[in-house]
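One structure below.
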Amino acid sequence: MKKTILFLFLIITVCSNAQKEINGKIKTEIVTTHELNYALHLPVNTKEKKPLIIFLHGSGEKGADIELVKMHGPFKYLKSNSLDAYVLAPQCPDNEYWDSEVLYQLILKIQKENNIDPNRIYLTGLSMGGWGAWNLAFAHPEMFAALVPIAGFVDRVPMIENCKIASIPIRIFHGLVDDVVDVNYSIAIYKKLKPCNSNIELTIFDDANHDSWTRVYDNKEIYDWMFQQTKK
1 MKKTILFLFL
11 IITVCSNAQK
21 EINGKIKTEI
31 VTTHELNYAL
41 HLPVNTKEKK
51 PLIIFLHGSG
61 EKGADIELVK
71 MHGPFKYLKS
81 NSLDAYVLAP
91 QCPDNEYWDS
101 EVLYQLILKI
111 QKENNIDPNR
121 IYLTGLSMGG
131 WGAWNLAFAH
141 PEMFAALVPI
151 AGFVDRVPMI
161 ENCKIASIPI
171 RIFHGLVDDV
181 VDVNYSIAIY
191 KKLKPCNSNI
201 ELTIFDDANH
211 DSWTRVYDNK
221 EIYDWMFQQT
231 KK
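Numbering (the UniProt record's numbering), first residue to last: 1 to 232.
Take a look at the structure:
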């Protein structure tokens, strides 16, 4: 009889120590402050609506010296050529990477303050800027009339959501022997996009290492192509 009572006591003790589960909910707001330097080139005639080119630099141009963003890309081209467009080159701070929402807010600010054609906004970037351009295009595909990523890493999200930017004309460039960002990133995203995007091309320079951008940005052809694109 005593054994039976002890057994029942043990069952009650074990049940009382069983694991419990609580379902809950939390609502919070996190506010962060970001600051970006930027350079903005203005067209000669600002009374008429003009296109906007957004250029995202690579990791070597981070910091607080705005002249760094003019070393490559459209601003370098503008030193000896002209572009009938606004050209925006933000500068990523040290110890940070391109943030799509911060860039989006900057573009909205520039649109509000200038006479920009909302159907002719073009996005391009090199290396870290190519990565940033991919991410920004996927975050706000409704904004851009063309995308030109050069030597850029591609995150997993663009690989999965590839057809989200099916309506954006795209020109991808990469160096075959790039030892900083593997060319296979550009090949993989091209293969993902090709079935749903009829206006996409991948150019691989057989003799180029990481700098596959100089020959692209120094050539009038890429700007002419961008200016022909209009958001549908």
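Glycine is no exception: its CB is placed at the ideal position from the N, C-alpha and C atoms.
Practice problem: Hey, could you find the ends of the beta strand (DSSP E) Gln91 is sitting in? | Solution: Along the sequence shown, read from residue 1 onward, the residue named residue 91 stands at position 91. That run of the beta strand (DSSP E) goes 86-91.
Quiz item: Would Ala89 pass as a contact of Tyr38 if the rule is Cβ separation under 8 Å?
Solution: Your numbering for residue 89 matches position 89 in the sequence shown. Your numbering for residue 38 matches position 38 in the sequence shown. Taking 8 Å as the cut-off, the beta carbon of Ala89 is found closer than this to the beta carbon of Tyr38.
Practice problem: Could you check the C-alpha separation between Ile61 and Leu42 for me, to the nearest Å? | Solution: Residue 61 sits at position 61 when you count from the first residue of the sequence shown. Residue 42 sits at position 42 when you count from the first residue of the sequence shown. The displayed chain sequence assigns Glu, not Ile, to residue 61. The straight-line gap from Cα to Cα measures roughly 22 Å.
Quiz item: Just the Cα atoms here: how many angstroms apart are Leu103 and Lys20?
Solution: The residue given as residue 103 occupies position 103 in the sequence shown. The residue given as residue 20 occupies position 20 in the sequence shown. The C-alpha of Lys20 is placed about 45 Å away from the C-alpha of Leu103.
Self-check item: Residues near Met1 in its chain [Cβ-Cβ closer than 7 Å; skip 5 each side]
Solution: Stepping through the sequence shown from its first residue, residue 1 is reached at position 1. The predicted position of Met1 is uncertain, since its pLDDT is 46 and thus under 50; a value taken from the coordinates is nonetheless stated next. Close CB contacts of Met1 within its chain, under the 7 Å cut and outside five residues either way in sequence, are absent.
Quiz item: Hey, how far is the Cα of Val181 from the Cα of Pro74?
Solution: The sequence position of residue 181 within the sequence shown is 181, counting from 1. The sequence position of residue 74 within the sequence shown is 74, counting from 1. Here the C-alpha atom of Val181 lies approximately 22 Å from the C-alpha atom of Pro74.
Quiz item: Is Thr46 near the ligand SAM, in the sense that its beta carbon is under 7 Å from a heavy atom of that ligand?
Solution: Ligands in the displayed structure: none, and consequently the ligand SAM is not present.
Self-check item: Reference Gly152; option with closest CA among Leu176, Lys231, Glu142, Cys163
Solution: Within the sequence shown, residue 152 is the residue found at index 152, counting from 1. That would be Leu176, whose Cα lies nearest to the Cα of Gly152.
Quiz item: With DSSP run on the structure shown, which of helix, strand or coil describes Val154?
Solution: Position 154 of the sequence shown, counted from the start, is the residue given in the question as residue 154. Coil at Val154, not helix or strand.
Practice problem: Rounded to whole angstroms, what's the CA-CA distance from Glu35 to Glu221? Just pull it up for me. | Solution: As a first step, residue 35 must be located in the sequence shown, where it is residue number 35. As a first step, residue 221 must be located in the sequence shown, where it is residue number 221. Taking C-alpha positions only, Glu35 is separated from Glu221 by approximately 33 Å.
Quiz item: When we look at the beta-carbon of Trp216 and count the other beta-carbons within 10 Å, is it buried (16 or more) or exposed?
Solution: One-based indexing of the sequence shown puts residue 216 at position 216. This sequence places Val at residue 216; Trp is not what is there. Buried, since its Cβ has 16 or more Cβ neighbours within 10 Å.
Quiz item: What are the uninterrupted segments assigned as beta strand (DSSP E) that are 3 or more residues long and contained completely in the region 154-216, given in chain order?
Solution: For secondary structure counted as the beta strand (DSSP E) over 3 or more consecutive residues, the region 154-216 holds these complete runs in sequence order: 170-175, 200-205.
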